[in-house]
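Student:
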Amino acid sequence: MNTFGMNVVASDKTFYQGRGVSITLPAKDGGITILAHHADMMVAIVPGEIKIETEGGEKMTAVCGGGFAQVINNRVTVLVESIERPEDIDVKRAQEALERAQEQLRQKQSLQEYYISKQALSRAMARMKATRDRGI
5 MNTFGMNVVA SDKTFYQGRG VSITLPAKDG GITILAHHAD MMVAIVPGEI KIETEGGEKM
65 TAVCGGGFAQ VINNRVTVLV ESIERPEDID VKRAQEALER AQEQLRQKQS LQEYYISKQA
125 LSRAMARMKA TRDRGI
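Dropping the structure here:
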C-alpha cells in the first residue's frame, strides 16, 4: 500500500503525526484529497472537515479552522488554527458561537471585521454539521 508522511498540527496541539494513505482537506473550491506521490503544492484550507486514513486503516474525521497544507516530497504538512474530533465538540457552545457569528454579520462592520465574522461563522457551521452527522 502506498503511504506518505503526514503531520497535522493546530495552534495548540499536534493532531496526527505518522504515515497515511489519504487525507481530504476542505479548500475554497471544494474538498481536495491527497494520496501518496501527489504533486508538490500548497493549499489554502477553509473551516470544515478533514478526513484522514492512516497506514493502519484507521479513519479519522476532525473539524478544523482555516489554515494551509503543504505537499512536498511525499510528505503533507497541515497547519490549521484549530482542530477537534466531532465527539469532543460541546454542542451548546458551538450553537452559541454560531448565533454570535450570525449576529456579528448583521452589524455594520469594517471590511476586516466582516471577514473575521465570516470566518467565525464558517467554523461554527462546520462544527455544527460535524455534530449532526455523528448524531451527537
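Once you know that position 12 of the sequence shown is 16 in my numbering, the rest is easy, because the numbers rise by one and skip nothing.
Note that the Cβ used here is the ideal one computed from N, Cα and C, for glycine as well.
(1) What is the DSSP secondary structure of Lys-122, reduced to helix, strand or coil?
(2) Per DSSP, Ile-49 forms a beta bridge with which residues?
(3) DSSP three-state call for Glu-57: helix, strand or coil?
(4) Does the region 40-59 touch the region 72-82, meaning 3 or more C-beta pairs lie closer than 8 Å?
(5) Looking only at its chain, what residues have a beta carbon closer than 6 Å to the beta carbon of Lys-55, apart from the 5 residues adjacent to it on each side?
Tutor: This is what the structure gives:
(1) Helix.
(2) Looking at the DSSP output, Ile-49 shares a beta bridge with Ala-31, Gly-71.
(3) Residue state, collapsed to three classes: strand.
(4) Contact between the region 72-82 and the region 40-59 is present, with at least three C-beta pairs closer than 8 Å.
(5) So the list reads Thr-28, Thr-65, once near-sequence residues are dropped.
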